[in-house]
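Residue numbers (this note's numbering), protein chains in the order written: chain A, 370 to 763; chain B, 37 to 302.
If you want it as structure tokens, here you go:
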């Protein structure tokens, strides 16, 4: 693909709201994970909850979209001048020429979970429950497009945990095809009971803080996040970085277990490198999917090791943010941009004893070094794989 | 013709009174009226036995139309990239999870959770045919078909490789059904290619237009009611034109409030 300018980027996670608190936490090797506080979830686990989501006020002209997921989206838009950057793109290209493509896995599902706890004697949901603007999978892209007054093509990608990596591909294709000139991409996923109980039912939810690449890793910690990036055909000011390549594949193997040799993941990484016109040796740092489930990390290590030299520095930042599910690809793309802008390869946190069976060079402490190109992996249920190659602003 | 150009090489269709694309041609051509009868979902024989038992209505629907389109296109599904689009996704699984989560000590089924993802149908299809080609799963509420068509045609036009587009919705169980009424299961699939082949049915040229261009309607009142009631059925004017061998020369389909899709056919 022809490289695409990323002219604005922001993320809000358990590490804080915006790029600066995120960078400070990464520099300090500080995790945002803490013992679960969410609602009445009774089991021991760690979560990456974003402070202040419940107090967010949705703009009144789009108030029908009010739910925790869209509150998190609106909170995430407030940082790093993102709303102003989107407005500038709207002015520059025209509202109909700016698309909105966001990833989410559970959308406003919490809103429906709570409504089911308040059904009346006939089983009906509470009066005023609105399905479309809250729980429907499109809700967050519809909300963001209306809030930012963008009229270009819009949709949600919902391919579980690869969702918000894949939206970069949507934007790149529509810009290349000439349908649009710019796009707001990213992902928003918020805490809900379905994911907490669901991952627990699969025995994939750790009772401790998640420990990617640790020999005794025993599952993931769920996080929530909103991450956004603005992609433009040509930058008018120096960009934050560049989208260089996107690779997508499917395992075609199992709904919830990755292919043991990571064949689908290998295909996604190779496709991303080919799309960028780069060789494996051109990548300075790999942000792994690294969920800390035993099988995911093993399969990803095998896959990355079959594409890249084992000495390539890599880490998972999910020990800091938790697994933000459908927002993970967007979050980790924003972290990749911070890594390149500040010459920081972030450490993988919470490792007591690195798994000797995993062969990639996993960073146990921060490394300060120039980072010119990053590959970021995002893999999800349904065997969905996406890899992004991002480049420094120069 | 301007716009994104692709060729249609195969079609699948399933809905109330529409047993398949092949069985619906007379209705779509206006030779026979649509006689509504409940959609009959075939068993997903492509799936391995374990996945077949777990497959819900939404998966059966998507796989049925995908199968018909691929068979008609005479194309190898093992290397075929896919775009799945749906407004309703896995509504039945989400309903069951919400019911469980409203109980005092929820015991969530791991299978139910795994199959509640919006890309469950896509995941099942790729397992069924053993394909590692790229796949995405989209939603744009009432505009879900338009989103899928834009994504699929853009990929085909740029990348050159053929693509399977599957658009489908299944009704929600109550009480969700009352908040988002969908009359019955409805789905369609298109195999799209970048060049003409011996199986090609028609060439499409797709462009985004404003809402000032009126959406095409269906002459048959029952078809038209379906078009208005089910997001994927927004594609019906296109299917009517395909069934009539490319006539009329262009249709306009609903997508977003401010945007429609104009599709030229030849």
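Beta carbons: idealized from backbone N, C-alpha and C, even for Gly.
A quick note: this is a predicted structure, and the numbers were derived from the prediction, not measured.
Counting only runs that start and end inside the stretch 134-191 of chain B, the beta strand (DSSP E) elements of at least 3 residues fall at 171-175. Distance from the CA of residue 441 of chain A to the CA of residue 593 of chain A, rounded to the nearest whole angstrom, comes to 9 Å. For residue 654 of chain A, the enclosing beta strand (DSSP E) has its first and last residue at 654-656. Against chain A, the CB of residue 222 of chain B has no partner CB under 8 Å away; the residue lies outside that interface.
For the C-beta of residue 59 of chain B, not a single chain A residue is nearer than 8 Å; the gap to the nearest is close to 30 Å. Not one beta carbon of chain B lies nearer than 8 Å to the beta carbon of residue 459 of chain A. Chain-ordered, the chain A residues with CB closer than 8 Å to the CB of residue 135 of chain B read 485. With the criterion set as a beta carbon lying under 9 Å from some beta carbon of chain A, the members of the stretch 197-224 of chain B are 208, 210, 211, 212, 214, 215, 216, in sequence order. Fewer than three beta-carbon pairs drawn from the stretch 524-540 of chain A and the stretch 438-452 of chain A are found closer than 8 Å, and the two stretches are therefore not classed as touching. Close to residue 144 of chain B, with beta-carbon spacing below 7 Å, are these residues of chain A in chain order: 566, 567, 570. By the rule that beta-carbons nearer than 8 Å mark a contact, residue 190 of chain B touches chain A.
Residue pairing by DSSP places residue 731 of chain A opposite A:683 in a beta bridge. Beyond the five residues adjoining it in sequence on each side, residue 572 of chain A comes within less than 8 Å, by CB distance, of 588 in the same chain, given in chain order. At least one C-beta of chain B is nearer than 8 Å to the C-beta of residue 750 of chain A. Taking C-beta separations shorter than 8 Å and ignoring five residues to either side along the sequence, the partners of residue 90 of chain B in its chain run 147, 151, following chain order. Boundaries of the beta strand (DSSP E) harbouring residue 242 of chain B: 238-246, taken from the DSSP string. Within chain B, the residues whose beta carbon sits less than 7 Å from that of residue 619 of chain A are 162, 167, 168, 169, 170, 171, listed in sequence order. Note on geometry: alpha-carbon atoms of residue 492 of chain A and residue 675 of chain A lie some 54 Å from one another.
By the neighbour-count definition (other C-beta atoms within 10 Å, threshold 16), residue 115 of chain B is an exposed residue.
Under the 8 Å Cβ criterion, the stretch 465-479 of chain A counts as touching the stretch 555-574 of chain A, having at least three qualifying pairs.
A straight-line Cα-Cα distance of about 39 Å links residue 109 of chain B and residue 657 of chain A. Burial state of residue 69 of chain B is exposed, judged by a 10 Å Cβ sphere holding fewer than 16 other Cβ atoms. Cβ contact annotation for residue 540 of chain A (same chain, cutoff 7 Å, sequence separation greater than five): 468, 470, 552, 554, 600, in chain order.
Taking the C-beta atoms as reference points, residue 712 of chain A is found no nearer than 8 Å to residue 731 of chain A. The three-state reading of DSSP puts residue 719 of chain A in coil, since its state is none of H, G, I, E or B.
For residue 371 of chain A, DSSP assigns no beta-bridge partner whatsoever. In this structure, residue 370 of chain A and residue 653 of chain A do not form a Cβ contact; the two beta carbons are roughly 20 Å apart against a cut-off of 8 Å. Secondary structure at residue 277 of chain B: helix, using DSSP grouped into helix, strand and coil.
Within the stretch 521-548 of chain A, the residues whose Cβ lies closer than 7 Å to some Cβ of chain B are 522, 523, 524, 525, 526, 527, 528, 529, 535, 539, 542, 543, 545, 546, 548, listed in chain order.
When the five nearest sequence neighbours on each side are left out, the beta carbons in the same chain lying within less than 6 Å of the beta carbon of residue 709 of chain A are those of 610, 740, 761, in order along the chain. By the 16-neighbour rule on beta-carbons within 10 angstroms, residue 624 of chain A is buried. By the neighbour-count definition (other C-beta atoms within 10 Å, threshold 16), residue 143 of chain B is an exposed residue. Taking C-beta atoms as the reference points, residue 295 of chain B and residue 251 of chain B fail to come closer than 8 Å. At the C-beta level, residue 45 of chain B and residue 236 of chain B come within 8 Å of one another.
When CB distances to chain B are screened at a threshold of 7 Å, the residues of the stretch 633-647 of chain A falling below it are 633, 636, in chain order. Within a 10 Å sphere around the beta-carbon of residue 406 of chain A sit fewer than 16 other beta-carbons, which makes this residue exposed.
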